[in-house]
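Trainee:
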Amino acid sequence: MSGHVQSVQYHGINPKICYCFVRGKVVPQVKLSESAYSTWLVLLKETGRICTAECNCCVGVQATCKHIAALLFAVAEVVEEGRNASCTSQPKAWGLPPKKRMKEALHQPQFAENIKVVAMKEDVMHQELDNSRPYRSNFDPRLHCHRARRNINDFDLDWLASITNGNCGLLAYTKREPNELQSTPNISEVDRYEEVVSCDFPLTVAEALQDLSDIQLMEISTHQQQVIIRETKQQAKSNLWKKHRVGRITASVAGDCAAAVRNGTIHGHSQVARVMGYYGSASSSALQWGKSQEKVAVKQYTAYHRLKCKNSNTKCEDTGLWISTKFPYIAASPDAIVTCRYCGEGLLEVKNPYTQRRSTITEYVTQKGSCLVSENGTNHLNRRHPYFAQVQLQLWVSGKKWCDFVVRTIAKVNNLHVERILLDDQYMENILPKIHTFFHKGIVSEFASGRVKDIVINNSVQKTMKSMLEKLDAPARTIKEANFPCGICNDECEESPHDEDKNSIGCDSCDRWFHYFCVGIHGEEPFLRRRKSSWKCNTCSSKLKACKRTRQV
1 MSGHVQSVQY HGINPKICYC FVRGKVVPQV KLSESAYSTW LVLLKETGRI
51 CTAECNCCVG VQATCKHIAA LLFAVAEVVE EGRNASCTSQ PKAWGLPPKK
101 RMKEALHQPQ FAENIKVVAM KEDVMHQELD NSRPYRSNFD PRLHCHRARR
151 NINDFDLDWL ASITNGNCGL LAYTKREPNE LQSTPNISEV DRYEEVVSCD
201 FPLTVAEALQ DLSDIQLMEI STHQQQVIIR ETKQQAKSNL WKKHRVGRIT
251 ASVAGDCAAA VRNGTIHGHS QVARVMGYYG SASSSALQWG KSQEKVAVKQ
301 YTAYHRLKCK NSNTKCEDTG LWISTKFPYI AASPDAIVTC RYCGEGLLEV
351 KNPYTQRRST ITEYVTQKGS CLVSENGTNH LNRRHPYFAQ VQLQLWVSGK
401 KWCDFVVRTI AKVNNLHVER ILLDDQYMEN ILPKIHTFFH KGIVSEFASG
451 RVKDIVINNS VQKTMKSMLE KLDAPARTIK EANFPCGICN DECEESPHDE
501 DKNSIGCDSC DRWFHYFCVG IHGEEPFLRR RKSSWKCNTC SSKLKACKRT
551 RQV
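Residues 1 to 553 (UniProt numbering) make up the sequence shown, in order.
1. I believe V227 touches A331 by the beta-carbon criterion, under 8 Å. Please report the beta-carbon distance rounded to the nearest angstrom.
2. Can at least three beta-carbon pairs, one atom from the region 244-257 and one from the region 353-368, be found at a separation below 8 Å?
3. If we require 4 or more residues per run, which alpha helix (DSSP H) segments fall completely within the region 352-398?
4. Mapping the DSSP letters down to three states, classify A36 as helix, strand or coil.
5. Sorted by chain position, which residues of the same chain lie with C-beta nearer than 8 Å to C537's C-beta, five sequence neighbours on each side aside?
6. If you follow the alpha helix (DSSP H) that C257 is part of, which residue opens it and which one closes it?
7. Quick check on Q6: does DSSP put it in helix, strand or coil?
8. I want to know whether the region 235-245 touches the region 313-325 - three or more CB-CB distances under 8 Å.
9. So does R529 have its beta carbon nearer than 7 Å to some heavy atom of the ligand PLP?
10. Under the rule that 16 or more other beta-carbon atoms within 10 Å means buried, what is H11, buried or exposed?
11. Return the CA-CA distance between L416 and Y516, expressed in angstroms with no decimal places.
12. What residue range does the alpha helix (DSSP H) around G290 cover?
13. So the beta strand (DSSP E) S270 belongs to, where does it begin and stop?
14. Does the structure place the region 430-445 close enough to the region 259-267 that three or more beta carbon pairs sit under 8 Å?
15. Mapping DSSP to helix, strand and coil, what is P485?
16. Taking 8 Å as the threshold (C-beta atoms), are I337 and T319 in contact?
17. Using 10 angstroms around the beta-carbon of C547, count the other beta-carbons present and answer buried if the total reaches 16, otherwise exposed.
18. Using CA atoms only, rank isn't needed, just tell me which of S270, A70 and H146 is closest to R451.
19. For Y427, which three-state DSSP category applies?
20. Using 10 angstroms around the beta-carbon of N352, count the other beta-carbons present and answer buried if the total reaches 16, otherwise exposed.
21. Just to confirm my understanding: we take E525, look at its own chain, exclude 5 residues before and 5 after, and list those with CB closer than 8 Å. What are they?
22. For T222, report the span of its alpha helix (DSSP H) as first-last.
23. List the DSSP bridge partners of A332.
24. Hey, could you find the ends of the alpha helix (DSSP H) T164 is sitting in?
25. Beta-carbon within less than 7 Å of C309's beta-carbon, same chain only, minus the 5 sequence neighbours each way: which residues are those?
26. Grab me the residues of A208's own chain with a C-beta within less than 6 Å of its C-beta, minus the 5 sequence neighbours each way, in chain order.
27. Given that a residue counts as buried once 16 or more other Cβ atoms are within 10 Å of its Cβ, and exposed if not, what is S504?
28. Taking Cβ positions, are H67 and C55 nearer each other than 8 Å?
29. Going straight from the alpha carbon of Q234 to that of T464, what length do you get?
30. Let me know the secondary structure DSSP gives T339 once reduced to three states.
31. Nearest CA to the CA of D404: which residue from V413, A411 and E419?
32. Flag this pair as yes or no: are the beta carbons of A70 and V26 separated by less than 8 Å?
33. Which residue marks the beginning of the beta strand (DSSP E) containing A53, and which one marks its end?
34. Run the CB neighbour count on L143, radius 10 Å, all protein chains shown included, and call it buried at 16 or more, exposed below.
35. Nearest-angstrom Cα distance between L44 and Q6?
36. In chain order, what are the residue ranges of uninterrupted alpha helix (DSSP H) at least 4 long that sit wholly in the region 436-473?
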């Protein structure tokens, strides 16, 4: 063994239980200085069949990494060689003197006249004739079970001749009957009826699609699903979350992907590029606003739910990426898991509109592009909006019964809309076939051909070249930048605003400015009236709390 597999341990649990545990430490193949990976297996005691396995490397969740294979090879080698436990693992066997060496070293006392003194030259010749010492040239790397001598008749000579084209030296020591299939062909017949090639032809797109659809590599168990959820709770900040989203139709784009399927065909390539992640991580003012206001909205919703359910100990916990065990190419990332004593367990999806962030809910419903509609004096989520498909797919993937859809603005009154949405089975029956068609005809085809990636790259290059030429042709002009940009929305913080909603405040720690509505200040707080008062933004406050915890530890 190369020494990469260390500390192999076995646990039989109980004689009545049919399976056992094997674990070990596997040193990385390249980065030897890093800490070893913890790898474990669950095997059946009688047959040795693998029930499950896991490793703490980046791909160990799927039980297909090379560290698990290395541990299996180590276990197989130990079993084949019949190794015993080390002396340190056996009771009363550590530190005992070697008996063999003691017997060789001790001898009966003799008189000096009977002791034979060997000269240097004679001693060297005697050592050369001594063959009891093991030499490096006599080392056989094969296992003990494979070191037995084999007769020439034990080999499959026909198979050996077929794979070596008759060029193996072992074939010269035996006489075999001529094989018609291995006879020298007629060159004229080969030129006429056959085409001799030196390599295999590449697969066509149709063959590649068929092979990709037959291989079931995307299957995921319930245990793997829960591990992914636990390890991706940071969502956009997690690299594992981004990695597992590539190629999967997530709930946020499911409505647009289903709308792109018409009459069994996919129109356009933009949705395929979004699923494959060709556009990169999106960054806009609307996304930054939604991320900065999400925690505030969750706190406001929690207070609303507790008041509605009469302080039912409502909790909102972060969650990660939910991958469907039935169709592993469908996934969803809810904002939180809601736990209530009366309502049970459900999902939470929060939306913070950016362009209409100062409007009330009543005003927001009347705006163009709003996700809410008003019918008979009641506001509810529009069934034709992509947000409805997002919520339905989240419920279907997670198996939860309800989801609270929340829309929050920063208006002083009427700034929160909470709607409980249940799973619509009929809606899912209509949208799932379109999602399957989009995946098989769009995503699988893109994995095989890469056509959409080339289009996106060409368009990006052309757009970059066009913008560069426009800058060269355009006359030089000064770009007015904001003197005091807001730390959240990047809009300018005016010194003397005409509107009270545009008032701003500066952080006493990082010297950045923020709008009142961006940091949740209404303008009536007591600390604003004090002559000597300090205020810190959320980033500086979290850093200060972390420093205090470190000092206490």
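Every residue gets a Cβ at the ideal spot worked out from N, C-alpha and C, and that includes glycine.
Note that the structure is predicted; figures quoted are calculated from it, not measured.
Mentor: Let's see:
1. Here residue 227 refers to the residue found at position 227 of the sequence shown. Here residue 331 refers to the residue found at position 331 of the sequence shown. The pair is not a contact, with the Cβ atoms about 14 Å apart (cut-off 8 Å).
2. no
3. Entirely contained in the region 352-398, the alpha helix (DSSP H) runs reaching 4 residues are, in chain order, 361-366 and 386-398.
4. Here the question's residue 36 lines up with position 36 in the sequence shown. Three-state DSSP puts A36 in coil, outside helix and strand.
5. For the purposes of this step, residue 537 is identified with residue 537 of the sequence shown, where counting begins at 1. Excluding residues within five positions, the ones whose Cβ falls inside 8 Å are G487, C507, S509, C510, R512, F514 and V519.
6. On the sequence shown, position 257 is the one that residue 257 refers to. Run containing C257: A251 to A259, per the alpha helix (DSSP H) assignment.
7. Looking up residue 6 in the sequence shown gives position 6. Of the three classes helix, strand and coil, the one that applies to Q6 here is strand, per DSSP.
8. yes
9. Looking for the ligand PLP in the displayed structure turns up nothing, as the structure carries no ligands at all.
10. Working through the sequence shown from its first residue, we reach residue 11 at position 11. Answer is exposed; the Cβ neighbour count stays below 16.
11. Along the sequence shown, read from residue 1 onward, the residue named residue 416 stands at position 416. Along the sequence shown, read from residue 1 onward, the residue named residue 516 stands at position 516. Using only the alpha carbons, I get a separation of about 18 Å.
12. Looking up residue 290 in the sequence shown gives position 290. It spans S285 to K308 - the alpha helix (DSSP H) in which G290 sits, taken as one unbroken run.
13. Residue mapping note: residue 270 aligns to position 270 of the sequence shown, counting from 1. Premise fails: S270 lies in the alpha helix (DSSP H), S270 to M276, not in any beta strand (DSSP E).
14. Yes, the region 259-267 is in contact with the region 430-445.
15. The sequence position of residue 485 within the sequence shown is 485, counting from 1. Residue state for P485 is assigned as strand, using DSSP reduced to three classes.
16. Stepping through the sequence shown from its first residue, residue 319 is reached at position 319. Stepping through the sequence shown from its first residue, residue 337 is reached at position 337. In this structure, I337 lies closer than 8 Å to T319 by Cβ.
17. Within the sequence shown, residue 547 is the residue found at index 547, counting from 1. When all chains shown are included, C547 counts as exposed.
18. To locate residue 451, count along the sequence shown from 1; it is residue 451. It is S270 whose Cα lies nearest to the Cα of R451.
19. For the purposes of this step, residue 427 is taken as residue 427 along the sequence shown, with counting starting at 1. Residue state, collapsed to three classes: helix.
20. One-based indexing of the sequence shown puts residue 352 at position 352. That one is buried.
21. Your numbering for residue 525 matches position 525 in the sequence shown. Excluding positions up to five away in sequence, the list is empty.
22. Position 222 of the sequence shown, counting from 1, holds the residue named residue 222. Per DSSP, T222 belongs to the alpha helix (DSSP H) from T222 to E231.
23. Here residue 332 refers to the residue found at position 332 when the sequence shown is read from its first residue. DSSP, once it has assigned bridges, lists W322 as partnering A332.
24. Taking the first residue of the sequence shown as position 1, residue 164 is located at position 164. Where T164 is concerned, the enclosing alpha helix (DSSP H) starts and stops at L157 to T164.
25. On the sequence shown, residue 309 is found 309 positions in, with the first residue counted as 1. C340, Y342 and C343.
26. Taking the first residue of the sequence shown as 1, we reach residue 208 at position 208. Low local confidence applies: a pLDDT of 48 at A208 is under 50, so the model's placement there is unreliable, and no value is given.
27. As a working mapping, residue 504 is identified with position 504 in the sequence shown. Buried, since its Cβ has 16 or more Cβ neighbours within 10 Å.
28. On the sequence shown, position 67 is the one that residue 67 refers to. On the sequence shown, position 55 is the one that residue 55 refers to. In this structure, C55 lies closer than 8 Å to H67 by Cβ.
29. For the purposes of this step, residue 234 is taken as the residue at position 234 of the sequence shown. For the purposes of this step, residue 464 is taken as the residue at position 464 of the sequence shown. C-alpha of Q234 to C-alpha of T464: approximately 33 Å in a straight line.
30. Against the sequence shown, residue 339 aligns to sequence position 339. The answer is strand: DSSP assigns T339 an E or B state.
31. Numbered from its first residue, the sequence shown carries residue 404 at position 404. Per the Cα distances, E419.
32. Within the sequence shown, numbered from 1, the residue matching residue 70 stands at position 70. Within the sequence shown, numbered from 1, the residue matching residue 26 stands at position 26. Yes, these two residues count as a Cβ contact at 8 Å.
33. On the sequence shown, position 53 is the one that residue 53 refers to. That run of the beta strand (DSSP E) goes I50 to C55.
34. Mapped onto the sequence shown, residue 143 falls at position 143. By the neighbour-count rule (16 or more Cβ atoms within 10 Å), L143 is not buried but exposed.
35. By one-based count along the sequence shown, residue 44 stands at place 44. By one-based count along the sequence shown, residue 6 stands at place 6. Approximately 22 Å between the Cα atoms of the pair.
36. 444-449 and 451-473
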